[in-house]
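Asks:
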Amino acid sequence: MSDSIGPSPFVVSDRNLALELVRVTEAAALASARWTGRGRKNDADGAAVEAMRTAFDTVAIDGMVVIGEGEMDEAPMLYIGEKVGSGGPGMDIAVDPLEGTNLCAKDMPNAITVVALAERGNFLHAPDIYMDKIVVGPNLPDGVVDLDNSIETNLKNLAKAKGKSVQDLLLCTLDRERHEEMITRARAAGARVRLLTDGDVAGGIAACLDTSQVDIYVGSGGAPEGVLTAAAIRCVEGQMQGRLLFEDDGQRERARKMNPGKDPDRKLGLHDLAAGSVLFSATGVTTGTLLRGVRQLPHQAITHSLVMRSKSGTVRFIEGHHNFKTKTWAPQ
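Shown next, in the form of structure tokens:
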């Protein structure tokens with residue numbers, strides 16, 4: 063008789079937990095999708111937050127929100143420091159119940175719902191400020207791009223590493239006035255540029271997936287979104303750097319208090335943003351580069367989700383068919 067006792071219980075629960083996360087992002091997507099195109103972004107966001115918070119009650123973790131909807135006095139649910147879950151391993155939680163509230167309100171591409179988990183203490187506690195970011199995909203030399211390099215140097219080095227010309231590269235960034243000089247210089251160097259109106263989590267992940275054709279994501283966006291992006295990049299072994307951007311000394315001091323003993327102005331590597339074992343899930347609300355949006359039918363809906371584990375590097379795209387006649391809960 064074999065003495066084998068089978069796989070580690072932690073590994074099994076880790077796998078199950080990754081799939082449980084899909085139900086959380088699906089719930090938020092189904093709730094917010096009812097507000098698609100109605101021009102009411104706050105209602106869409108509120109529906110996503112409430113549905114995601116309710117769904118977390120069924121997840122077997124002792125979770126604490128470290129990236130969420132704001133401070134306790136700013137957000138009624140999923141606020142920083144809130145405990146969620148039905149009990150289990152201690153986990154840090156990063157959430158964006160509806161990334162791209164404007165996109166949902168205007169029925170534009172790339173609105174998604176996002177959750178990431180890490181073992182306690184492994185996510186950067188990022189204040190709600192801007193972060194400079196640069197992301198490239200897997201299977202490239204370490205340090206092939208760097209925040210401190212010029213955009214021309216980064217494009218040249220990336221093209222060489224990929225065996226392409228700069229003219230073959232596609233750079234993705236948010237369409238913002240602060241990026242105009244970088245965009246002009248990237249195009250002058252020969253690269254193509256894809257501009258996003260909102261949603262830089264999806265943009266960052268796209269740089270790591272062959273299906274998107276995006277080669278590099280560059281630019282500044284929300285710091286909390288930077289942590290969520292890093293969690294996804296960890297799962298596919300891409301590369302990412304970030305640096306917090308402060309408007310005043312007050313913001314800098316807050317970042318220092320949130321991460322004691324760390325230089326708030328330091329350049330952040332991928333593992334500074336998201337370390338340890340990481341799980342990530344996202345569900346599409348509106349169809350975009352990364353995911354298809356919610357398709358609503360009479361008495362049912364179809365969702366399209368992405369779930370990833372850093373431990374295995376597995377990337378799953380999951381299509382969910384939700385029958386509201388038999389589902390224990392359904393959007394009202």
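Just so we're on the same page, the working numbering is the position in the sequence shown counted from 1, plus 62. Idealized CB from N, CA, C, for every residue including glycine.
1. Is it buried or exposed for serine 374, if we count other Cβ within 10 angstroms and need 16 for buried?
2. The beta strand (DSSP E) spanning arginine 96 covers which residue range?
3. Just mark histidine 366 as buried or exposed, buried being the case when its beta carbon has 16 or more other beta carbons within 10 Å.
4. Which class does aspartate 65 belong to by DSSP, given the choice of helix, strand or coil?
5. Give me the Cα-Cα distance between alanine 294 and lysine 387, rounded to the nearest whole angstrom.
6. Taking isoleucine 155 as the reference, give the member of Met193, Ser274, Glu287 and Leu231 with the closest Cα.
7. Per DSSP, what are the beta-bridge partners of phenylalanine 379 in this structure?
8. Along the chain, where does the alpha helix (DSSP H) containing arginine 115 start, and where does it finish?
9. Would a C-beta distance cut-off of 7 Å place leucine 179 and asparagine 172 closer than the cut-off?
10. Check arginine 182 in the structure and name its three-state DSSP category.
11. Use the C-beta contact count for glutamate 309: other C-beta atoms within 10 angstroms, 16 or more gives buried, fewer gives exposed.
12. Is it the case that the Cβ atoms of alanine 344 and leucine 92 are separated by a distance below 7 Å?
13. Give me the Cα-Cα distance between asparagine 321 and methionine 302, rounded to the nearest whole angstrom.
14. Rounded C-beta distance between valine 146 and phenylalanine 118? I'm assuming under 8 Å.
15. If you measure between the beta carbons of glutamate 214 and alanine 251, is that distance less than 7 Å?
16. Ends of the alpha helix (DSSP H) at methionine 139?
17. Kindly indicate which three-state DSSP category asparagine 172 falls into: helix, strand or coil?
18. Considering cysteine 234, what are the terminal residues of the alpha helix (DSSP H) in which it resides?
19. Compare the beta carbon distance of threonine 273 and aspartate 237 with 7 Å and say whether it is the shorter of the two.
20. Give me the Cα-Cα distance between aspartate 169 and glycine 323, rounded to the nearest whole angstrom.
21. Let me know the secondary structure DSSP gives aspartate 325 once reduced to three states.
22. CB-CB under 8 Å to proline 71, same chain, minus the five flanking residues each way: which ones, in chain order?
23. Does the stretch 136-145 come within contact of the stretch 109-117, defined as at least 3 CB pairs closer than 8 Å?
24. Excluding the five sequence neighbours on either side, which residues of its own chain have a C-beta within less than 7 Å of the C-beta of isoleucine 129, listed in chain order?
25. If you draw a straight line from the alpha carbon of glycine 54 to that of glycine 150, how long is it in whole angstroms?
26. For alanine 337, which of helix, strand or coil comes out of DSSP?
Replies: In brief:
1. As a first step, residue 374 must be located in the sequence shown, where it is residue number 312. Result: exposed.
2. If you number the sequence shown from 1, residue 96 lands on position 34. Here arginine 96 belongs to no beta strand (DSSP E), and DSSP marks it neither H nor E.
3. Along the sequence shown, one-based indexing puts residue 366 at 304. Buried, because 16 or more other Cβ atoms sit within 10 Å of the Cβ of histidine 366.
4. In the sequence shown, the residue the question calls residue 65 occupies position 3. Caution is warranted here: a pLDDT of 42 is assigned to aspartate 65, below 50, making its placement in the model unreliable, and no coordinate value can be reported.
5. In the sequence shown, the residue the question calls residue 294 occupies position 232. In the sequence shown, the residue the question calls residue 387 occupies position 325. Between the C-alpha atoms of alanine 294 and lysine 387 there is a straight-line separation of about 34 Å.
6. By 1-based counting over the sequence shown, the position of residue 155 is 93. Measuring from the Cα of isoleucine 155, the nearest candidate turns out to be Glu287.
7. Locating residue 379 in the sequence shown gives position 317, where the first residue counts as 1. Paired residues: Leu368.
8. Walking along the sequence shown from the start, residue 115 turns up at place 53. Run containing arginine 115: 103-118, per the alpha helix (DSSP H) assignment.
9. Along the sequence shown, one-based indexing puts residue 179 at 117. Along the sequence shown, one-based indexing puts residue 172 at 110. No, these two residues do not count as a Cβ contact at 7 Å.
10. Residue mapping note: residue 182 aligns to position 120 of the sequence shown, counting from 1. DSSP places arginine 182 in coil when its eight states are reduced to three.
11. By one-based count along the sequence shown, residue 309 stands at place 247. So glutamate 309 counts as exposed.
12. Counted from its first residue, the sequence shown places residue 344 at position 282. Counted from its first residue, the sequence shown places residue 92 at position 30. Between alanine 344 and leucine 92, the gap from beta carbon to beta carbon reaches 7 Å or more.
13. Counted from its first residue, the sequence shown places residue 321 at position 259. Counted from its first residue, the sequence shown places residue 302 at position 240. Separation of asparagine 321 and methionine 302 (C-alpha to C-alpha, rounded to the nearest whole angstrom) is 20 Å.
14. Counted from its first residue, the sequence shown places residue 146 at position 84. Counted from its first residue, the sequence shown places residue 118 at position 56. Taking the Cβ atoms as the reference, valine 146 lies roughly 4 Å from phenylalanine 118, within the contact range of under 8 Å.
15. Position 152 of the sequence shown, counted from the first residue, corresponds to residue 214. Position 189 of the sequence shown, counted from the first residue, corresponds to residue 251. Yes, the Cβ-Cβ distance between glutamate 214 and alanine 251 is below 7 Å.
16. Taking the first residue of the sequence shown as 1, we reach residue 139 at position 77. Bounds of any alpha helix (DSSP H) do not take in methionine 139, whose DSSP letter is neither H nor E.
17. As a first step, residue 172 must be located in the sequence shown, where it is residue number 110. DSSP, read as helix, strand or coil, puts asparagine 172 in coil.
18. Reading the sequence shown from its first residue, position 172 is the one you call residue 234. From DSSP, cysteine 234 is part of no alpha helix (DSSP H) but of the beta strand (DSSP E) over 232-236.
19. On the sequence shown, residue 273 is found 211 positions in, with the first residue counted as 1. On the sequence shown, residue 237 is found 175 positions in, with the first residue counted as 1. With respect to aspartate 237, threonine 273 sits apart: the two C-beta atoms are not nearer than 7 Å.
20. Numbered from its first residue, the sequence shown carries residue 169 at position 107. Numbered from its first residue, the sequence shown carries residue 323 at position 261. Roughly 44 Å separates the two Cα atoms.
21. By 1-based counting over the sequence shown, the position of residue 325 is 263. Note: aspartate 325 maps to coil in three-state DSSP.
22. Within the sequence shown, residue 71 is the residue found at index 9, counting from 1. For proline 71, the predicted structure reports a pLDDT of 40, less than 50, and the residue's modelled location is therefore unreliable. The matter cannot be settled from this model.
23. Contact holds between the stretch 136-145 and the stretch 109-117, because three or more Cβ pairs, one in each stretch, are under 8 Å apart.
24. Against the sequence shown, residue 129 aligns to sequence position 67. Contacts found: Ala156, Val157, Phe185, Ala188, Pro286, Val289 and Leu290.
25. Nothing about residue 54 can be read from this structure; the chain reaches only from 63 to 394.
26. Stepping through the sequence shown from its first residue, residue 337 is reached at position 275. Alanine 337: coil per DSSP, three-state reduction.
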